[in-house]
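Before any comments, here is the structure.
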Ligand code: ARG
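In our numbering, the protein residues as written are 815 to 1242.
Now the structure itself:
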């Protein structure tokens, strides 16, 4: 018996992979693993049902708690972002692959299948984990390889061919069943692409959104919430301590009702392809905004500057699925040390799609009201003079040299520092 573990979502692509494993790749025992990271319950049920119809041995693994604790929380601590959105699909892939490896070990399978295409990011993220943990395993990716033609050549599957193939293998899907949007969903975010969204100029229609209300449908009055953090991790909402999973579910609800977390961007995939992506990620946007506000209160100026580049690197590595990369762990060592002080509470006002920070407190606050206040007498202002005199010293030395040069050329000193005249401005 040749056993293979198929990383299975229950969608058309991965469903087609089940009979393909038998017919084209010689695996007579297909084990499907669907990992619950917070996708709709209906998708999870559909996966189990389709796997049964197609004759696979199916497992559903509930990894929601692990996902929040070990993937979303590190993302909060690193303000996990890629090109302006909170990364979500990318942080779920390593966990999904880890669970697939766990099942393979348990059941004695030494091969993996997945439904990723050759254009996307997920092939990298998933195979990185599979190849790290089971370097000897065979990996088959039928969607990337394409459909085999009678003459042996391969070409990409079309949706209609996939439906025909599924129908011929016991999974009936009507040809008319057109998938409009391609959606990936987990607790940290929902991503919608495809269909007319592939036109960068096409405004996202209201129907693509499930978690967030549109501007017009939001409550008329703002909702104020307080989020408490301990060591950079969210622990309570409005003073009530909550389990990680409940906290994310609750915030998706509260922030979503206020329309927070819709993002429409052009995204550069790993292979360089630009794609138009829409996201809704109410909890992630809210928590990262609150976390940043708390960091701004407790971090030194130098720490904050350094951390923004650490965060950027972290986001890049996480986006690439390099979840266990040495550099990522190094960055997390820095993040972890700094986050020891990231404890406190942040007040937010959610209103018609916006999240505004309106207050923050921390026992580790570096803010001193007496020093900063306009009325302060503690700060001896005249002592600033020494600092002011040396400010920009090198920059001023540069202009000394320029001044000498202008003199030598017999030109006016007025040319030293000149604003462009309005006529020169590009759009004047
Ligand atoms: N572009 C995002 C990423 O690579 C999300 C892709 C999600 N897929 C989808 N079919 N919506 O992480």
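Glycine residues also receive a C-beta, built at the ideal position from the N, C-alpha and C atoms.
According to DSSP, which residues form a beta bridge with residue i?
i: residue 1043; result: 1048, 1158
i: residue 850; result: 876
i: residue 1092; result: 1006, 1078
i: residue 817; result: 843
i: residue 997; result: 1006
i: residue 836; result: None; residue 836 has no bridge partner.
i: residue 1014; result: Residue 1014 is not bridged to any residue.
i: residue 954; result: 927
i: residue 805; result: There is simply no residue 805 to check, as the chain begins at 815 and stops at 1242 in what is shown.
Give the straight-line distance between the Cα atoms of residue i and residue j, rounded to the nearest whole angstrom.
i: residue 1233; j: residue 1208; result: 21 angstroms
i: residue 1146; j: residue 1093; result: 26 angstroms
i: residue 1123; j: residue 1079; result: 22 angstroms
i: residue 870; j: residue 916; result: 18 angstroms
i: residue 986; j: residue 1107; result: 51 angstroms
i: residue 1180; j: residue 1172; result: 18 angstroms
i: residue 923; j: residue 958; result: 22 angstroms
i: residue 894; j: residue 900; result: 6 angstroms
i: residue 1028; j: residue 887; result: 27 angstroms
i: residue 836; j: residue 1104; result: 50 angstroms
i: residue 935; j: residue 1158; result: 36 angstroms
i: residue 863; j: residue 1175; result: 50 angstroms
i: residue 931; j: residue 971; result: 10 angstroms
i: residue 926; j: residue 947; result: 12 angstroms
i: residue 851; j: residue 822; result: 13 angstroms
i: residue 833; j: residue 1115; result: 58 angstroms
i: residue 1216; j: residue 1022; result: 59 angstroms
i: residue 854; j: residue 1186; result: 49 angstroms
i: residue 1184; j: residue 1077; result: 40 angstroms
i: residue 997; j: residue 988; result: 20 angstroms
i: residue 1033; j: residue 865; result: 42 angstroms
i: residue 859; j: residue 868; result: 14 angstroms
i: residue 1151; j: residue 1194; result: 34 angstroms
i: residue 1137; j: residue 912; result: 11 angstroms
i: residue 995; j: residue 856; result: 17 angstroms
i: residue 1224; j: residue 1210; result: 21 angstroms
i: residue 921; j: residue 949; result: 17 angstroms
Comparing C-alpha positions only, which one of the options sits nearest to residue i?
i: residue 1035; options: 1099, 1073, 1060; result: 1073
i: residue 914; options: 1110, 1008, 893, 874; result: 874
i: residue 1014; options: 955, 1020, 958, 1088; result: 1088
i: residue 1038; options: 1165, 1182, 965, 1149; result: 1165
i: residue 1192; options: 1200, 835, 1182, 1153; result: 1182
i: residue 861; options: 828, 842, 884; result: 828
i: residue 846; options: 831, 1169, 840; result: 831
i: residue 1112; options: 894, 1178, 907; result: 1178
i: residue 1052; options: 1046, 1064, 909; result: 1064
i: residue 1109; options: 815, 891, 1082; result: 891
i: residue 1168; options: 866, 1220, 1069; result: 1069
i: residue 1231; options: 1223, 1222, 1212, 1224; result: 1212
i: residue 843; options: 994, 918, 912, 1128; result: 918
i: residue 1149; options: 1126, 1195, 1134; result: 1126
i: residue 1000; options: 1096, 1043, 1057, 966; result: 1096
i: residue 1133; options: 819, 897, 884, 849; result: 897
i: residue 1058; options: 855, 884, 1128, 1170; result: 884
i: residue 903; options: 1083, 990, 1163; result: 1083
i: residue 1040; options: 1019, 1055, 951, 1195; result: 1055
i: residue 1142; options: 1129, 1153, 1151, 1206; result: 1129
i: residue 978; options: 1048, 1016, 969, 990; result: 990
i: residue 1098; options: 1048, 1090, 1081; result: 1048
i: residue 1030; options: 1042, 1011, 1071; result: 1071
i: residue 1153; options: 966, 1043, 1228; result: 1043
i: residue 951; options: 819, 1196, 1189; result: 819
i: residue 1024; options: 1067, 1205, 1090; result: 1067
Cβ of residue i less than 8 angstroms from any chain B Cβ?
i: residue 1030; result: In summary, chain B is missing from the structure at hand, where a single protein chain is found.
Assuming residue i and residue j form a contact by the criterion Cβ under 8 angstroms, report the distance between their Cβ atoms to the nearest whole angstrom.
i: residue 841; j: residue 817; result: 7 angstroms
i: residue 975; j: residue 961; result: 6 angstroms
i: residue 1144; j: residue 1131; result: Rounded, the Cβ-Cβ distance is 10 angstroms, inconsistent with contact.
i: residue 944; j: residue 953; result: 6 angstroms
i: residue 933; j: residue 1101; result: Not a contact, Cβ separation roughly 31 angstroms.
i: residue 1156; j: residue 1045; result: 6 angstroms
i: residue 955; j: residue 928; result: 6 angstroms
i: residue 966; j: residue 1026; result: Not a contact, Cβ separation roughly 48 angstroms.
i: residue 848; j: residue 824; result: 6 angstroms
Could you check whether the Cβ of residue i sits closer than 7 angstroms to any heavy atom belonging to the ligand ADP?
i: residue 904; result: Although the ligand ADP was asked about, the structure shown includes only the ligand ARG as ligands.
| Cβ pair count under 8 angstroms reaching 3, the region 867-882 against the region 1119-1126 | No contact exists between the region 867-882 and the region 1119-1126.
| task | Could you tell me whether the region 975-984 touches the region 1002-1013, where touching means 3 or more Cβ pairs closer than 8 angstroms? | result | Of all C-beta pairs linking the region 975-984 to the region 1002-1013, fewer than three are shorter than 8 angstroms, placing the two stretches out of contact.
| query | Given 8 angstroms as the limit, is there contact between the region 938-945 and the region 901-908, that is, 3 or more CB pairs closer than that? | reply | At 8 angstroms Cβ cutoff, the stretches touch.
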